[in-house]
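Engineer:
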Amino acid sequence: MNSLFELQNIKTPPVWKERLNGKVSQGKSLREPTYRKFPVMAAVLMIVLLMSGTALAYALTGGEFFAKLFMQKAETNSADYSYIDVSQLSAIAGKTIGTVVDTDQLRIDVTDVVSSGSDAMVALCVTAKQLDSVLRYTGWDEIPLNNYRFGSEDGTIFNNMESATVRYIYSDEDTSLAPNQFYLVLTITSLDGFKDSPYTVALQSFGYYDRLAATGNGVGVTTLYKGPWKINLDLSQDTDHSRTILLNRKVDIGEYNYDLEGIYLTPFSCTAVISYEGDPDLSEERFKEVSVKASDFALYTTDRTPVKHGEVSLQNGGTDQPDSTYHITVHLEVPANVKDVLRIHIFGKNFDISPVINDAGQK
């Protein structure tokens, strides 16, 4: 997989404890991965330009596209994904499906949109009406980066995000697409959740990547159409398929004591929140040690099957916004039913997160 990563820091307000305690006291489950608000964390914007090669049909109903996307991964991978649950995606689907932009240059269709708790996923199908193909083969090793794409993905759906992934899928990887089409898949995590529909996605600078125009802190795009193109999205505002677990457990990392405050668990991700008492300015020098100790982050289902996930990411306000809270996040490779995830392992310890009863007496 060829990929390009661009990092961006976004300050979020330090009100996590109030939100977490409030949600637990209400007895409500929360669901969603690592995006959007959570106390003082750096947001990560990752641009991924390839996916797998099986054809994906246009979703006729909400949740279909992503269900096929994840099932495709499970069926073509040797890993144990026996816990996969795509049946829940139709229940967390948004209402916006179909053509939302149609100009002389571009047609943009909302192929699918799902959201729950702290995660939202959007799939757009873009057709370049005046181009024969959006593929460009220039002989450079990172060929996908040269394909036509947008130079900017923005909008209110990214407000207060904790992290986001932006993924482009072209016809050489998905044969259901015409040569002048691509899928743009957005995944946004905000620990505040997505309760304020409608949201917007704003796209600008449609063109192709030019490595000669690239700089050390951005992506160089030679613009064909300037835009912007604005898309309104109605999200499901679902929380029933997510969970928030209050733990308040003490953990030792090196010579320091921390409080494992709780867990945000969604079908797509899991975020653990730890904090310490003391000077927030010390958070940067402690960052590496916390990161190393958090690398054993793991989740297990009812039958002790490990839940497959990507790399463990650690976020904190850093130098610009020092904060005594860290967020440790993993994104699941395929969606899981949060009720089936009963245990996590982190910092060398196991923690029961059974939905029957938690440390706060509620689930």
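Using the numbering used here, the first residue of the sequence shown is number 135, and each one after it goes up by one. C-beta: ideal position from N, C-alpha, C; glycine also.
1) Checking 8 Å against the spacing of the C-beta atoms, do A262 and F199 come in under that value?
2) From G396 to S297, what does the alpha carbon distance come to, in whole angstroms?
3) Can you check the segment 275-345 for any beta strand (DSSP E) of at least 3 residues that lies completely inside it and give the ranges in chain order?
4) Let me make sure I understand the geometry here. Which of F402, D437, D457 has the alpha-carbon closest to that of H443?
5) With DSSP as the reference, label D214 as helix, strand or coil.
6) Look at the alpha carbon of L466 and the alpha carbon of K207, and state the distance between them as a whole number of angstroms.
7) Considering only the beta carbon of each residue, do I226 and V244 sit closer than 8 Å?
8) Given a threshold of 16 other Cβ atoms within 10 Å of its Cβ, counted over all protein chains shown, does R438 qualify as buried or as exposed?
9) Between the C-alpha atoms of L399 and I487, what's the straight-line distance to the nearest angstrom?
10) Which of the three DSSP states, helix, strand or coil, is assigned to S376?
11) If the criterion is Cβ atoms closer than 8 Å, does the pair V441 and Y304 meet it?
12) F485 lies in the beta strand (DSSP E); which residues open and close that run?
13) Output the residue ranges of the alpha helix (DSSP H) runs that lie fully inside the segment 396-465 and measure 4 residues or longer, sorted by chain position.
14) Answer with buried or exposed for Y317, where buried requires no fewer than 16 other C-beta atoms within 10 angstroms of its C-beta.
15) Using beta carbons (cut-off 8 Å, strictly below), is V407 in contact with chain E?
16) Contact defined as beta carbons within less than 8 Å: I believe S409 pairs with S250. What is the distance between those atoms, to the nearest angstrom?
17) Using only the alpha-carbon positions, how far apart do V319 and Y215 sit?
18) Determine, using beta carbons only, whether N314 and S252 come nearer to each other than 8 Å.
19) Measure the alpha-carbon distance for S212 versus D413 and round it to whole angstroms.
20) Bridge partners of V247, per DSSP?
21) Name the residue from D457, D430, A432 whose alpha carbon lies nearest to the alpha carbon of F421.
22) Alpha carbons only, please: which of T356, D372, E423 is nearest the one belonging to E389?
23) Please report the distance separating the alpha-carbon of Q160 from that of P332.
24) With the cut-off set at 8 Å, would you say I231 and A254 are in Cβ contact?
25) For P167 and L416, what's the separation of their Cα atoms in angstroms?
26) Is Y434 near L369, with beta carbons less than 8 Å apart?
27) Mind checking which residues open and close the beta strand (DSSP E) that includes K364?
28) In chain order, what residues of the same chain have a beta carbon less than 7 Å from the beta carbon of N492, not counting five sequence neighbours either side?
29) Which same chain residues end up closer than 8 Å to D372 when comparing Cβ atoms and leaving out the 5 residues on each side of it in sequence?
30) Residue range of the alpha helix (DSSP H) that L203 falls in?
31) What is the rounded straight-line gap between the Cα of D474 and the Cα of F340?
32) Where does L154 land, buried or exposed, given buried means 16+ other C-beta within 10 angstroms?
33) In whole angstroms, what separates the C-alpha of S310 from that of C259?
34) If you drop the 5 nearest sequence neighbours on each side, which residues of the same chain put their C-beta closer than 8 Å to that of D238?
Structural biologist: Short version:
1) no
2) 19 Å
3) 282-288, 297-304, 315-323, 333-343
4) F402
5) coil
6) 12 Å
7) no
8) exposed
9) 10 Å
10) coil
11) no
12) 483-486
13) 417-427
14) buried
15) No chain E is present in this structure, which holds just one protein chain.
16) In fact, because the Cβ distance is near 25 Å, the residues do not count as touching under 8 Å.
17) 22 Å
18) no
19) 46 Å
20) V256
21) D457
22) E423
23) Because the pLDDT of Q160 is 39, which lies under 50, any placement of that residue in the model is unreliable, and the question is left without a value.
24) no
25) At P167 the pLDDT is 31, less than 50, meaning the model places this residue with poor confidence; the figure from the coordinates comes in the next sentence. Near 27 Å, if we compare the C-alpha coordinates of L416 and P167.
26) no
27) 363-367
28) No answer about N492 holds up, because its pLDDT of 48 lies below 50 and its placement is not dependable.
29) R165, A225, I226, S249, S250, G251
30) 198-209
31) 42 Å
32) Unreliable positioning characterises L154 in this predicted model, as indicated by a pLDDT of 42, which lies under 50. The coordinate reading is nonetheless provided below. By the neighbour-count rule (16 or more Cβ atoms within 10 Å), L154 is buried.
33) 11 Å
34) K263, Q264
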